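The structure appears below as structure tokens.
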Amino acid sequence: MPASTIPGYRYGDRALPPASIDEAAFRDLCAACLLADDDLAALREAAPIIEPQVEEILDTWYGFVGSHPFLLAAFSTPEGPSQRYLAAVRARFGQWIRDTLRGEFDAAWLAYQREIGRRHADGKNATDGVEGAPPVVPFRYVAALIVPITVTMRPFLAKGARDAEHLERMHQAWFKAVVCSVALWAEAYTREGWW
Ligand code: HEM
0 MPASTIPGYR
10 YGDRALPPAS
20 IDEAAFRDLC
30 AACLLADDDL
40 AALREAAPII
50 EPQVEEILDT
60 WYGFVGSHPF
70 LLAAFSTPEG
80 PSQRYLAAVR
90 ARFGQWIRDT
100 LRGEFDAAWL
110 AYQREIGRRH
120 ADGKNATDGV
130 EGAPPVVPFR
140 YVAALIVPIT
150 VTMRPFLAKG
160 ARDAEHLERM
170 HQAWFKAVVC
180 SVALWAEAYT
190 REGWW
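For the sequence shown, numbering that gives the first Met the number 0 begins at 0 and goes up steadily by one.
Below is the structure:
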């Protein structure tokens, strides 16, 4: 699905509030994650390897969420797991993989990270008009999911890596980008002035 037609997807939407982090503070965050220019290059090298495997990766991640009731709860209403909600988020999740691998962490990307954080917290459910699902994704699980989202990526990267060193470089870059994203999303969960 072309990004522009994904319901609720707003990366690049100028009507979104800008990020509250400025360029210098974002550079510091990247430095804290050891995320450097060669990682951005490694993400871009990973993009064509991952692109044809996005649906399979999403199947893996959705399988993980679906097999843990405490995670599936975030997508559930009193009637049970909402297939409509799961499907709507899945399309944006796939696009998030592509966007992360573009490695262009500019102002528009930062603004959308703020929005994604908000959607896990006090903006949850609104994008897809879901009623009856929990009002927030507990932050402890957002942080914890960095692990499966990193570990499960490795075999998919391995399919197109030139050698072990190339695989390691792309995998490390992915790990750093996910940690950096979650660090940005944490803003929605932290007390004013504490982020
Ligand atoms: C590293 C951890 C995580 C990553 C990378 C991640 C990624 C994403 C992405 C890319 C989206 C779509 C954003 C958009 O609207 O464009 C999303 C939405 C969502 N995620 Fe996560 N997520 C993480 C952790 C979790 C956890 C632990 C849960 C709990 C099951 C969860 C539940 C949700 C839900 C319910 C939505 C939809 C929110 C809404 O109503 O808009 N996420 N996530």
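Glycine is no exception: its CB is placed at the ideal position from the N, C-alpha and C atoms. As the structure is a computational prediction, the values presented were derived from the model and not from experiment.
Say yes only if the C-beta of residue i is nearer than 6 angstroms to one or more non-hydrogen atoms of the ligand HEM, and no if none qualify.
i, result
"THR59", "no"
"ILE145", "yes"
"ARG168", "no"
"ALA45", "no"
"ARG91", "yes"
"THR126", "yes"
"ARG118", "yes"
"TRP108", "no"
"TRP95", "yes"
"LEU15", "no"
"ALA160", "no"
"ILE115", "yes"
"TYR140", "yes"
Strictly by DSSP, which residues pair up with residue i?
i, result
"ARG79", "Contrary to the premise, residue 79 reads as Gly rather than Arg in this sequence. According to DSSP, which records beta bridges pairwise, GLY79 is partnered with THR76."
In this structure, does DSSP put residue i in helix, strand or coil?
i, result
"LEU39", "helix"
"GLU164", "helix"
"PHE104", "coil"
"ARG117", "helix"
"ILE5", "coil"
"PRO147", "helix"
"CYS32", "coil"
"GLY280", "Outside the shown range of the chain (0 to 194) lies residue 280, about which nothing can therefore be said."
"HIS170", "helix"
"THR99", "helix"
"LEU15", "coil"
Under 7 angstroms between the Cβ atoms of residue i and residue j?
i, j, result
"GLN112", "LEU183", "yes"
"ARG91", "LEU57", "no"
"ALA157", "LEU166", "yes"
"THR76", "ALA132", "yes"
"VAL146", "ILE96", "no"
"ARG43", "GLY93", "no"
"LEU100", "ILE49", "yes"
"ALA187", "ALA120", "yes"
"PRO51", "ALA110", "no"
"SER81", "PHE74", "yes"
"THR59", "THR149", "no"
Residue i: beta carbon under 6 angstroms from a heavy atom of the ligand ATP?
i, result
"LEU28", "The ligand ATP is absent from the structure shown, which contains only the ligand HEM."
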